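These notes are about the structure you will find just below.
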Amino acid sequence: MIVAAVLLAYAVLLCTLAPRLLRSAGWAERAPRLGIVVWQVLGASALTAAVLAGSALTVPTVRVSADLAELLQACVMALTAQYASPGGAAAGAAGAVLALAVPGRVAWCAGAALLRIRRERREHREVLDMVGRPDPRRGVVVLDHDEPAAYCLPGRHRRTVITIGALRSLDDDQLAAVLAHERAHQAERHDAVLAWAQTLARAFPRVSLFRTAEAEIARLVEMRADDVAAALTGRLTTAAALLTVAGGRTPAVALAAGGSTAARRVRRLIEPHHPLSRAGIAAGSLTAAVVLALPLLVVGGPAAAATQLNYCPEGTPAAQITTMR
Ligand SMILES: [Zn+2]
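For the sequence shown, the working numbering gives the first residue as 37, with consecutive numbering after it.
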């Protein structure tokens, strides 16, 4: 019971306090890739903690033994002790609901999102194949539209799309920046990162962590793509290119160079750049690894300690049964 309570408290803290702390820290804009990973880790850790808490409420932990008969005896006695009282049975039922509902809800929403995204991409690709003009030299599809816009349609049959208006408005370096931005989205599979964040936000719309993570990850993948483009063409060139295509309308299923965060991103590119130091990135990566492993450590610690105990000594099996949750 203690393990389940600790895991639930940990999940609640992650879902409520962590988004505020991480947003107010402000370092993620200096290391967008690490920021994306940390937001993903927070979500994964909260989900893992919730599922493990439910499992700990449902199934008492018993010592793992190589002796099958002894193991089965310990399991049966622990389960009997757990479900003998109404309180224990209720906690077990609640735990089972939690342990099954969380992954079930995620799987349902992920499946629905996958089908929707595949359908929307296929429909948009078919339109592009009808109205777009392939430009093999630049590796893009050109749309005959005066408004400057650029975006990529990710996936297996990916397309990088640019309008005639953008080709007329951008100089060679700015065009290189826009194309580098779009290729960074494709190379780092930002579409999959965003789809997962959107899935969790839709699966648990009342949970602040997932809502905030969706918005922050959407912002950070754009900053990460900006940084890749800036490394190739320079920050001011990338800012100028971004300003040119910022107002362009793009389909929801695509990853655009502009978008609603463009103003903040242009300011970030123009202001003096102070990327996070290697030590800062190492510390952030280590912290993320600890946060990811923490729910498993909470469960694994008592379970490891349990292996040092003998639950079913000869003659007094019942007296040694200990439940660890
Ligand atoms: Zn973009």
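Where is the CB? At the ideal position from N, CA and C, for every residue including glycine. All values reported here derive from a predicted model rather than from experimental measurement.
Please report the distance separating the alpha-carbon of residue i from that of residue j.
i	j	result
Ile153	Val289	7 angstroms
Arg141	Arg238	10 angstroms
Glu258	Leu134	35 angstroms
His309	Ala61	17 angstroms
Thr274	Arg260	12 angstroms
Thr269	Arg255	21 angstroms
Pro86	Gln76	Rather than Pro, the amino acid found at residue 86 in this sequence is Ala. Each residue's alpha carbon lies about 16 angstroms from the other.
Cys188	Asp227	10 angstroms
Val48	Leu83	10 angstroms
Ala266	Leu272	8 angstroms
Arg169	Ala202	14 angstroms
Thr235	Ala298	24 angstroms
Met360	Val39	Any reading at Met360 must be qualified, since the residue scores a pLDDT of 40, below 50, and its modelled position is unreliable; the value itself is stated next. Between Met360 and Val39, the C-alpha separation is close to 7 angstroms.
Leu333	Thr52	21 angstroms
Gln222	Gly191	8 angstroms
Ser205	Arg158	29 angstroms
Glu224	Val264	11 angstroms
Ala282	Glu183	10 angstroms
Gly336	Ala329	10 angstroms
Thr248	Phe240	12 angstroms
Thr358	Val112	Bear in mind that a pLDDT of 41 at Thr358, under 50, signals an unreliable position, so the model cannot answer this.
Val29	Ala315	The structure shown does not extend to residue 29, since the chain is modelled only from 37 through 361, so no value can be given for it.
Ala231	Ala149	7 angstroms
Leu43	Ala125	20 angstroms
Leu279	Asp262	12 angstroms
Glu162	Arg285	19 angstroms
Gln109	Ser121	20 angstroms
Val178	Ala146	32 angstroms
Met37	Trp144	29 angstroms
Asp362	Met166	The structure shown does not extend to residue 362, since the chain is modelled only from 37 to 361, so the question has no answer here.
Leu151	Leu164	20 angstroms
Pro14	Gln210	The chain is shown only over 37 to 361; residue 14 falls outside these bounds and no answer can be derived.
His193	Pro68	27 angstroms
Ala277	Leu50	38 angstroms
His217	Pro311	18 angstroms
Ala45	Ala80	15 angstroms
Mind checking who residue i pairs with in its DSSP beta bridge?
i	result
Tyr187	Val197 and Ala292
In the DSSP assignment, find the alpha helix (DSSP H) that holds residue i and state where it starts and stops.
i	result
Leu398	Limits of the chain in this structure are 37 at one end and 361 at the other, which puts residue 398 out of reach.
Asp171	It is not in any alpha helix (DSSP H) - Asp171 instead sits in the beta strand (DSSP E) that spans Arg169 to Asp171.
Glu258	Ser244 to Thr269
His217	Asp208 to Ala223
Arg69	Pro68 to Thr94
Thr235	His226 to Ala239
Leu305	Ala298 to Ile306
Could you check where the beta strand (DSSP E) with residue i kicks off and where it finishes?
i	result
Leu179	Val176 to Leu179
For a cutoff of 8 angstroms on Cβ pairs, would you count residue i as touching chain B?
i	result
Ile253	Of the protein chains in this structure there is only one, and it is not chain B.
Below 8 angstroms, can you find three or more Cβ-Cβ pairs linking the region 42-58 to the region 239-252? yes
Check whether the region 74-93 touches the region 123-139, counting contact only when three or more Cβ pairs, one atom from each stretch, lie closer than 8 angstroms. Pairwise C-beta distances place the region 74-93 in contact with the region 123-139, as three or more of them are shorter than 8 angstroms.
Evaluate the contact criterion for the region 62-81 versus the region 318-325: three or more CB pairs, one atom per stretch, below 8 angstroms. yes
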